[in-house]
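Data first, discussion second: the structure below is written as structure tokens.
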Amino acid sequence: MNTAELLIQCLENEGVRYIFGLPGEENLHVLEAIKKSSIQFVTTRHEQGAAFMADVYGRLTGKSGVCLSTLGPGATNLMTGVADANLDGAPLVAITGQVGTDRMHIEAHQYLDLVAMFAPVTKWNSQIVRPSNTPEIVRRAFKTAQSEKPGAVHIDLPENIAAMPAVGKPLNNRALQKTYAGFQSISAAAAAISEANNPLILVGNGAIRANASDILTKFATELNIPVVNTFMGKGVIPYTHPLALWTMGLQQRDYINCGFDNTDLVIAIGYDLIEYSPKNWNPSANIPIIHINAMSAEIDSSYVPIVEVVGDISDSLEEILGRSQRVGKPEPYALQLRAEIRADYEEYANDSGFPIKPQKLIYDLRQVMGPEDIVISDVGAHKMWIARHYHCDRPNTCLISNGFAAMGIAIPGAVAAKVVHPNRKVVAATGDGGFMMNCQELETALRVGTPFVTLIFNDGGYGLIEWKQQNQFGSSSYVHFGNPDFVKLAESMGLKGYRVESATDFIPILKTALAQDVPAVIDCPVDYRENSRFTQKSGDLNCKL
Numbered sequence: 007m008n009t010a011e012l013l014i015q016c017l018e019n020e021g022v023r024y025i026f027g028l029p030g031e032e033n034l035h036v037l038e039a040i041k042k043s044s045i046q047f048v049t050t051r052h053e054q055g056a057a058f059m060a061d062v063y064g065r066l067t068g069k070s071g072v073c074l075s076t077l078g079p080g081a082t083n084l085m086t087g088v089a090d091a092n093l094d095g096a097p098l099v100a101i102t103g104q105v106g107t108d109r110m111h112i113e114a115h116q117y118l119d120l121v122a123m124f125a126p127v128t129k130w131n132s133q134i135v136r137p138s139n140t141p142e143i144v145r146r147a148f149k150t151a152q153s154e155k156p157g158a159v160h161i162d163l164p165e166n167i168a169a170m171p172a173v174g175k176p177l178n179n180r181a182l183q184k185t186y187a188g189f190q191s192i193s194a195a196a197a198a199i200s201e202a203n204n205p206l207i208l209v210g211n212g213a214i215r216a217n218a219s220d221i222l223t224k225f226a227t228e229l230n231i232p233v234v235n236t237f238m239g240k241g242v243i244p245y246t247h248p249l250a251l252w253t254m255g256l257q258q259r260d261y262i263n264c265g266f267d268n269t270d271l272v273i274a275i276g277y278d279l280i281e282y283s284p285k286n287w288n289p290s291a292n293i294p295i296i297h298i299n300a301m302s303a304e305i306d307s308s309y310v311p312i313v314e315v316v317g318d319i320s321d322s323l324e325e326i327l328g329r330s331q332r333v334g335k336p337e338p339y340a341l342q343l344r345a346e347i348r349a350d351y352e353e354y355a356n357d358s359g360f361p362i363k364p365q366k367l368i369y370d371l372r373q374v375m376g377p378e379d380i381v382i383s384d385v386g387a388h389k390m391w392i393a394r395h396y397h398c399d400r401p402n403t404c405l406i407s408n409g410f411a412a413m414g415i416a417i418p419g420a421v422a423a424k425v426v427h428p429n430r431k432v433v434a435a436t437g438d439g440g441f442m443m444n445c446q447e448l449e450t451a452l453r454v455g456t457p458f459v460t461l462i463f464n465d466g467g468y469g470l471i472e473w474k475q476q477n478q479f480g481s482s483s484y485v486h487f488g489n490p491d492f493v494k495l496a497e498s499m500g501l502k503g504y505r506v507e508s509a510t511d512f513i514p515i516l517k518t519a520l521a522q523d524v525p526a527v528i529d530c531p532v533d534y535r536e537n538s539r540f541t542q543k544s545g546d547l548n549c550k551l
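Every position in the sequence shown, counted from 1, becomes a number in the working numbering once 6 is added.
So this is what it looks like as structure tokens:
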């Protein structure tokens, strides 16, 4: 047995079923070891795509997604997806090949100090320099990646070490032990909640990672407290629930800001500051906050909790619920907003304009997708509209990267989503800019048998940047580009291609595309004049008591 074979045995022991990556000279021994294992290697067309697949795999399963690259340019290509997983809180293990240790002291072909390079974008990383240390390094990597807050780790394997004889066996991978909040903090939180007149729950991705959806819905229902979710907290409470006030996170003011203006207590559950800065909803730092999370609160001048309940989120909510007394409390002001929010959403249900308004496109997308089906959003102007208008019944059915927020994640992310949930419908929603960054992974999707639909919001430019330029300078520059014929591009790859030519085309085309047994691409012109209209509308927003 060589080190590469011991490494793969350790990965099997950790429950790894897939490795996403590219072959290279310096990882040949690892690839040979994978051939003899139970692990399926998914050959991608770019290392960034491999990392994004591992990223989304980790987010959907809670288990570390694994990606593999060679050294040098292969490793640098991997970094964006690794950084995305790290800031989005998705467990990921990245493995890179490396020159032999006998060449590291000289200027060697394609050599970079990868341990130093990956250090800023990972929770922990290490190079294997002694074959016998492999089990310890792998076990620490997976434990670190999956511990709260989850993130990325990196293992570097020099090619001469990979080929060396190795003696050892995988270490026991016992499940992480839960920690529980103290009685004093639970009692203090219950008292504050009982005394509040207009409390508001702000829930983030940590609650989804903790599988706290059911208890959170019960908590909100029994205590009569409205719930707002971040981009990455979608579906933690069903959007049809009468207490659900949907999503916050836009840079402009929106209806939900009125709820924060008038609340006397924010209960932040699984909320991570990286998802949406507290300065946007608590600019004067005068709102009392209860922090309920698996980790203590970050330091921020606008986020200074009066109580921190640190421990297993589900257990904390159960304990607080049992001690809170809100019988006879008046209906919170924020509930008055729900009718306005829903009316704004329904306004576009019958809109017939073309190019299609983003609100209408997303409204129709929601009508076709089932409660368990998955939308993966890329990054761009469409992401803001998806965040605002695509609402969820279940956790992890609309995935938005809002920590690192890297363009190009949607298509490789959809490959991973279909690998994890082959029986669910999956849509990769992307702008034309994001589509061209990783569209090569559609060939991967075809080859590995993961049929999903890619929906392109086509505006011929970087719409989100133009939106921001228009807001700040009243004009835009350097954001427009030309596109290929997306239908012909799809067909040239053996996929199905469709073009939307009227507002009434979209739903039947989407249904047809979702029924295909190969990946499909829908080219849909979008009317992003709605961006500036929304900015004007939000600027005129007046909160009425």
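Note that the Cβ used here is the ideal one computed from N, Cα and C, for glycine as well.
Between N211 and G95, the beta carbon gap of about 6 Å places them in contact (Cβ cut-off 8 Å). The beta carbon of P284 sits closer than 6 Å to those of D306, S308, Y309, all from its chain and outside the five residues before and after it, given in chain order. In the structure shown, D370 falls within a helical segment according to DSSP collapsed to helix, strand and coil.
Residue state for I143 is assigned as helix, using DSSP reduced to three classes. Residue pairing of P205 in beta bridges, as defined by DSSP: L271. Beta-bridge pairing by DSSP links F26 to V48, C73.
Cβ-Cβ distances below 8 Å link I214 to M238, G239, G241, V242, G276, P401, N402 in the same chain, with the five nearest sequence neighbours on each side left out; the list follows chain order.
Assignment of T253 by DSSP, reduced to helix, strand and coil, places it in the strand class. About 14 Å separates the beta carbon of D270 from that of A197, a gap too long to meet the 8 Å contact definition. Looking at the backbone, the Cα of E324 and that of I143 are separated by about 37 Å. Under the three-state reduction of DSSP output, K502 falls in the strand class. Listed as beta-bridge partners of Y309 by DSSP are D306. Pairing E304 with V485, the inter-Cα distance amounts to about 36 Å. Across the structure, F479 and D465 are spaced so that their CA atoms are roughly 20 Å apart. Beyond the five residues adjoining it in sequence on each side, G106 comes within less than 8 Å, by CB distance, of P164, E165, N166, I167 in the same chain, given in chain order. An exposed status is given to P79, since fewer than 16 other beta-carbon atoms sit within 10 Å of its beta-carbon.
Going by DSSP, G328 is part of the alpha helix (DSSP H) stretching over 319-329.
Note that the segment 458-476 touches the segment 420-427; at least 3 beta-carbon pairs, one per stretch, sit closer than 8 Å. Using a 10 angstroms sphere on the CB of T510, the tally of other CB atoms stays under 16, which defines it as exposed.
Beta-bridge analysis with DSSP links E314 to H297. One thing to note: V234 has its Cβ no nearer than 8 Å to the Cβ of L222. Under the DSSP assignment, G419 falls in the alpha helix (DSSP H) whose first and last residues are 416-426.
In its chain, beyond the 5 residues on either side, T403, A423, R430, V432 have a beta carbon closer than 6 Å to the beta carbon of I380. In the displayed model, C404 falls within a strand according to three-state DSSP. Beta bridge pairing from DSSP links L470 with no other residue. Contact between the segment 368-384 and the segment 287-294 is absent: fewer than three C-beta pairs spanning the two stretches fall below 8 Å. With a cutoff of 8 Å on beta-carbon distance, Y63 and G71 are scored as near each other.
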